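Just so we're aligned, residue 69 is where the sequence shown starts under our numbering, counting upward by one. Right, one structure below, let's go through it.
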Amino acid sequence: MRVFPIMIWKTFAGRCIYQSQTGTRVYENMIFRWLKFESKAIQTLINKHYPASPALHYIKPLLFMAKQFPDHCCLMGLGGAGAAHALSPFLTSSKITAVEISQEIVDVASRFFMLSTIPNLEVIHQDAFHFIENTPRTFRHIIVDLFNASHFPPHCNNDTFFALCKSRLSKDGILAVNLANRQEQRPIFEMMQRQFGYNMVSIPVEGCANLVILASNSEDNQFLKHYFTTHKQVKRMAWDATWGHLAAIKQRW
Numbered sequence: 069m070r071v072f073p074i075m076i077w078k079t080f081a082g083r084c085i086y087q088s089q090t091g092t093r094v095y096e097n098m099i100f101r102w103l104k105f106e107s108k109a110i111q112t113l114i115n116k117h118y119p120a121s122p123a124l125h126y127i128k129p130l131l132f133m134a135k136q137f138p139d140h141c142c143l144m145g146l147g148g149a150g151a152a153h154a155l156s157p158f159l160t161s162s163k164i165t166a167v168e169i170s171q172e173i174v175d176v177a178s179r180f181f182m183l184s185t186i187p188n189l190e191v192i193h194q195d196a197f198h199f200i201e202n203t204p205r206t207f208r209h210i211i212v213d214l215f216n217a218s219h220f221p222p223h224c225n226n227d228t229f230f231a232l233c234k235s236r237l238s239k240d241g242i243l244a245v246n247l248a249n250r251q252e253q254r255p256i257f258e259m260m261q262r263q264f265g266y267n268m269v270s271i272p273v274e275g276c277a278n279l280v281i282l283a284s285n286s287e288d289n290q291f292l293k294h295y296f297t298t299h300k301q302v303k304r305m306a307w308d309a310t311w312g313h314l315a316a317i318k319q320r321w
């Protein structure tokens, strides 16, 4: 969620078609529709004619491993369903469980972002921490895209939350986290590292402040490193003293 100068052309000539008392706004032009909260940042941007084609650059790295290994996914944070639309076509035999705390956002996604066209989507109106703490289910992929107008939810910004995420991953499961606030990226990286060690890959998103962090539950603590080193869609892979394994992937979907 969140977009930057490289995306400005996609929002050219946009007009507001919905505004709530809480500051939630929906805009559109001839091609795209997008969601904003109280700030100027764009939370979701979809192509109205091809909603499964990711319009924001962070979506592709966030969903990269789910696309490689299609299986049941837990998506924390629904927003305008941009990630859910992008996930759906290659999870035809698997369910997407989206957890969203705001009923208003669920309603907006249903009304303006074609939620009903995603056949394998289950939406749970619940707080992400409460869900992950109490669900008996495990998932091959847990995708965390939690963000309000300015930051990661404080009650999920702790070691307990990431330990719970790890405990709900199946064997060889992947945790993918999108972080838009630069001040929060390093502390959350360290929380994830305490759970997953160095079986992690960080992907700075080109053209914006977002950082996507992937972590593997595999017993092979080099799984992600080896996978990214050999995959043809990975442009480059390097070791960084601060962020560990850093990667860049091609934007082709």
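We put the CB at the ideal spot given by N, CA and C, even for glycine. Bear in mind that the values here come from a model prediction, so they are computed numbers and not experimental data.
Below-8 Å beta-carbon distance, residue i vs any chain B residue
i	result
Arg179	Among the chains of the structure shown, chain B does not appear; only one protein chain is present.
C-alpha distance - residue i paired with residue j, whole-angstrom precision
i	j	result
Glu172	Lys303	39 Å
His153	Ser121	8 Å
Glu106	Ala81	20 Å
Met259	Glu168	23 Å
Asp288	Ser88	48 Å
Lys300	Thr79	32 Å
Arg83	Pro157	29 Å
Ile210	His125	19 Å
Ile127	Ser286	23 Å
Pro119	Thr92	20 Å
Ser54	Asp308	Lying outside 69 to 321, the shown extent of the chain, residue 54 is not represented and no answer is given.
Leu243	Leu155	15 Å
Ile76	Arg320	20 Å
Tyr266	Asn115	36 Å
Thr203	Ala123	31 Å
Leu113	Thr310	31 Å
Leu247	Phe132	16 Å
Leu159	Asp213	18 Å
Member of the options whose CA lies at the smallest distance from the CA of residue i
i	options	result
Ala177	Lys104, Pro272 and Glu287	Lys104
Ala306	Ile271, Phe132, Phe291 and Ile110	Ile271
Asn249	Ala316, Ile317 and Asn225	Asn225
Val280	Gln253, Ala196, Phe291 and Ser286	Gln253
Phe100	Asp175, Ser161, Thr92 and Met182	Met182
Gln261	Gln251, Phe230 and Leu247	Phe230
Leu130	Lys116, Gly145, His117 and Tyr118	Gly145
Val273	Gly91, Asn115 and Val245	Val245
Ile256	His219, Phe291 and Ala149	His219
Gln194	Ile210, Val174, His209 and Ile211	Val174
Leu232	Lys163, Glu201 and Asp308	Glu201
Gly150	Trp102, Thr160, Ala309 and Lys318	Trp102
His41	Phe197, Ile317 and Glu96	Nothing about residue 41 can be reported from this structure: the residues present for the chain run from 69 to 321 only.
Thr90	Asp308, Glu96, Asn216 and Pro204	Asn216
Ile317	Thr310, Leu155 and Leu282	Leu282
His117	Ser284, Thr203 and Glu96	Glu96
Gly147	Arg205, Gln251, Phe132 and Gln111	Gln111
Arg205	Lys163, Thr298, Trp311 and Asp213	Lys163
Close beta carbons around residue i, own chain, < 8 Å, minus the five adjacent residues each side
i	result
Phe72	Low local confidence applies: a pLDDT of 49 at Phe72 is under 50, so the model's placement there is unreliable, with the coordinate-based value given in what follows. Within the same chain, Phe72 has close Cβ partners Gly275, Cys276 and Ala277.
Phe296	Val269, Val302, Met305, His313 and Ala315
Ile192	Thr165, Ala166, Val167, Glu168 and Phe199
Phe264	Lys234, Leu243, Ala283, Ser284 and Asn285
Close beta carbons around residue i, own chain, < 7 Å, minus the five adjacent residues each side
i	result
Phe207	His140, Cys141, Cys142, Arg236, Leu237, Ser238 and Gly241
Asp227	Met259 and Arg262
Residues of its chain near residue i, where Cβ-Cβ distance is below 6 Å and the 5 sequence neighbours each way are ignored
i	result
Phe180	Val94
Lys293	His313
Tyr86	Val94
Gln290	none
Closer than 7 Å: residue i CB and nearest the ligand GDP heavy atom
i	result
Ile127	No copy of the ligand GDP occurs in the structure displayed, which carries no ligand at all.
Identify every run of the alpha helix (DSSP H) within the segment 109 to 166, keeping only runs that are complete inside it and at least 4 residues long; order them along the chain.
Entirely contained in the segment 109 to 166, the alpha helix (DSSP H) runs reaching 4 residues are, in chain order, 127 to 136 and 150 to 155.
Would the segment 175 to 190 count as touching the segment 130 to 139 if we require 3 or more Cβ pairs under 8 Å?
With a cut-off of 8 Å, the segment 130 to 139 and the segment 175 to 190 do not count as touching, because too few Cβ pairs lie within range.
Contained alpha helix (DSSP H) runs [length at least 4] in the segment 183 to 235, N- to C-terminal order
With a minimum length of 4 residues, the continuous alpha helix (DSSP H) runs that stay inside the segment 183 to 235 are 196 to 202 and 227 to 235.
Entirely enclosed beta strand (DSSP E) segments - the segment 240 to 298, minimum 3 residues:
Runs found: 268 to 272 and 279 to 284.
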